[in-house]
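Student:
Residue numbers (my numbering): 35 to 415.
1. Write down every uninterrupted run of the beta strand (DSSP E) in the region 257–287 whose length is 3 residues or greater and which is fully enclosed by it, in chain order.
2. Thinking just about the alpha-carbon of each residue, which of 259, 326, 123 and 356 is nearest to the one in residue 95?
3. According to DSSP, is residue 237 part of a helix, a strand, or is it coil?
4. Checking 7 Å against the spacing of the C-beta atoms, do residue 150 and residue 137 come in under that value?
5. Pairs of beta-carbons, one from the region 236–245 and one from the region 110–125, closer than 8 Å: are there three or more?
6. Assuming residue 269 and residue 254 make a contact with CB atoms under 8 Å, what is their CB distance in whole Å?
7. Go ahead and pull the three-state DSSP assignment for residue 51.
8. I'd like the span of the alpha helix (DSSP H) that includes residue 316, first residue to last.
9. Report the three-state DSSP secondary structure of residue 130 (helix, strand or coil).
10. If you draw a straight line from the alpha carbon of residue 73 to that of residue 160, how long is it in whole angstroms?
11. Can you check whether the CB of residue 369 is closer than 7 Å to the CB of residue 294?
12. Nearest CA to the CA of residue 194: which residue from 145, 67, 181 and 152?
13. Take residue 220 as the anchor and find which of 118, 197 and 111 has the nearest alpha-carbon.
14. When you compare each of 326, 313 and 70 to residue 348 by their alpha carbons, which one comes out closest?
15. Is the separation between the beta-carbon of residue 272 and that of residue 296 shorter than 7 Å?
16. I need the straight-line Cα distance from residue 320 to residue 356, nearest angstrom please.
17. Using 8 Å as the Cβ pair cut-off and three pairs as the minimum, do the region 73–88 and the region 364–378 touch?
18. Grouping DSSP H, G and I as helix and E and B as strand, with all else coil, what is residue 135?
19. Using the beta-carbon count (16 or more within 10 Å), is residue 399 buried or exposed?
20. To which residues does DSSP link residue 341 through a beta bridge?
21. Run through DSSP, which three-state label would residue 71 get?
22. Please classify residue 208: does DSSP put it in a helix, a strand, or coil?
23. Can you tell me which of the three DSSP states residue 426 falls into?
24. In three-state DSSP terms, what is residue 230?
25. Name the one or two DSSP bridge partners that residue 142 has.
26. If you draw a straight line from the alpha carbon of residue 135 to that of residue 172, how long is it in whole angstroms?
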């Protein structure tokens, strides 16, 4: 299959064109050899849902399949990443005993099941759209570090290897209060952990209501269960966290990048005019954005992407002006979350979309002329 994606790589002041479908190109970048290729998914006669950049997607437990939820058709696309084809689409009901809606995230589960984190709580479905299990995580029914009336428990995840433990983020409106939460489902106890980066999230919240327009923006948070515990953080800073359930401790991982500032400097509040809100949003977009590391079990390391957007003109249009592109970078960490190396990725020119590790490579979703594709990176050196 011919791949329409051209990859540009700047090395030692020269420009190399990397174009591949099968044989990766290799160049030295910051003392690392980064191999890059692109692949495209064959959907057959079907159309794949690309509008959300695969935001609601997750890997199967064996990493062979990618599940992508189409919110328009209310279907789950099962994509075979070994054969690079759409295997089938799975329909789900919106209401009733097998109802599924308001999805926050999803991932493959043991026994060919699929886990969904929803606004109503965690749910486990079969590949035939049948609800197999649900968990009660209503914070009102828990004791301990209880949530206030203005707080909500968001994005609750269950560890497949320890189903009596659940994790989420407690958030108040406008991110005025954000904390990491652990739920003991056996004892109905809730435990909260306040952390510096989460405490600052409210300062990035911006709103506009001038009688003619309404707009709202806040910072994104991230959370993922890995083999060693739970990783979580926010896009606004380089600092992130690792919760170790065995020791009940949180490790703060702080790494100052040589490429970008450690924190986004934009400050949000209630703006009086559309122009002020738009300028804030552009400043926020131009600042650093740090994504959550993904774990590479094969090579025993973590990959982390981070980026800054840029605009070609100082004059922008709309309340949410869209950038012209992005400068993208990679940080590698060892298994103990010590920084190994950073590198610029000049062949990536837009904000990285959904990405994950498979077969020791970082797969990043790209839109290839309205077809689903992936840029795949592997690193040596």
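Even for Gly, the Cβ is constructed at its ideal location relative to N, Cα and C.
Tutor: The relevant details are as follows:
1. 263–268, 274–278 and 283–287
2. For the purposes of this step, residue 95 is taken as the residue at position 61 of the chain shown. Checked all of 259, 326, 123 and 356; the closest Cα to residue 95 is 259.
3. Locating residue 237 in the chain shown gives position 203, where the first residue counts as 1. Note: residue 237 maps to helix in three-state DSSP.
4. Working through the chain shown from its first residue, we reach residue 150 at position 116. Working through the chain shown from its first residue, we reach residue 137 at position 103. Contact flag set, yes.
5. no
6. Within the chain shown, numbered from 1, the residue matching residue 269 stands at position 235. Within the chain shown, numbered from 1, the residue matching residue 254 stands at position 220. Correct: roughly 5 Å between the Cβ atoms.
7. Residue numbering aside, residue 51 sits at position 17 when the chain shown is read from its first letter. In this prediction, residue 51 scores a pLDDT of 31, lower than 50, which makes its location untrustworthy; the coordinate-derived value is nonetheless stated afterwards. In this structure, residue 51 counts as strand in the three-state DSSP scheme.
8. Your numbering for residue 316 matches position 282 in the chain shown. Residues 308–320.
9. In the chain shown, counting from the first residue as 1, residue 130 sits at position 96. Residue state for residue 130 is assigned as coil, using DSSP reduced to three classes.
10. Within the chain shown, the letter at position 39 stands for residue 73. Within the chain shown, the letter at position 126 stands for residue 160. C-alpha separation (whole angstroms): 29 Å.
11. Here residue 294 refers to the residue found at position 260 when the chain shown is read from its first residue. Here residue 369 refers to the residue found at position 335 when the chain shown is read from its first residue. No; because the gap between Cβ atoms is not below 7 Å, this pair is not in contact.
12. Counting from 1 along the chain shown, the entry for residue 194 is found at position 160. It is 145 whose Cα lies nearest to the Cα of residue 194.
13. Here residue 220 corresponds to residue number 186 of the chain shown, with the count starting at 1. Ranked by how close their Cα comes to the Cα of residue 220, the residues 118, 197 and 111 have 197 in first place.
14. Along the chain shown, one-based indexing puts residue 348 at 314. Comparing Cα-Cα distances from residue 348 to each of 326, 313 and 70, the minimum goes to 313.
15. The sequence position of residue 272 within the chain shown is 238, counting from 1. The sequence position of residue 296 within the chain shown is 262, counting from 1. Cβ distance < 7 Å, so residue 272 and residue 296 count as in contact.
16. Start at 1 with the first residue of the chain shown, and residue 320 comes out as number 286. Start at 1 with the first residue of the chain shown, and residue 356 comes out as number 322. For residue 320 and residue 356, the distance between alpha carbons rounds to 11 Å.
17. With a cut-off of 8 Å, the region 364–378 and the region 73–88 do not count as touching, because too few Cβ pairs lie within range.
18. The residue you call residue 135 lines up with position 101 of the chain shown. Residue state, collapsed to three classes: coil.
19. As a first step, residue 399 must be located in the chain shown, where it is residue number 365. So residue 399 counts as buried.
20. For this step, residue 341 is matched to residue 307 along the chain shown. Answer is 323 and 362.
21. If you number the chain shown from 1, residue 71 lands on position 37. Residue 71 falls in the strand class under three-state DSSP.
22. Residue numbering aside, residue 208 sits at position 174 when the chain shown is read from its first letter. Correct three-state label for residue 208: helix.
23. In the structure as shown, the chain begins at 35 and stops at 415. Residue 426 is therefore absent and cannot be evaluated.
24. The sequence position of residue 230 within the chain shown is 196, counting from 1. The answer is helix: DSSP assigns residue 230 an H, G or I state.
25. Translated into the one-based positions of the chain shown, residue 142 becomes position 108. Residue 142 is bridged to 148.
26. The residue you call residue 135 lines up with position 101 of the chain shown. The residue you call residue 172 lines up with position 138 of the chain shown. Cα to Cα, residue 135 sits roughly 17 Å from residue 172.
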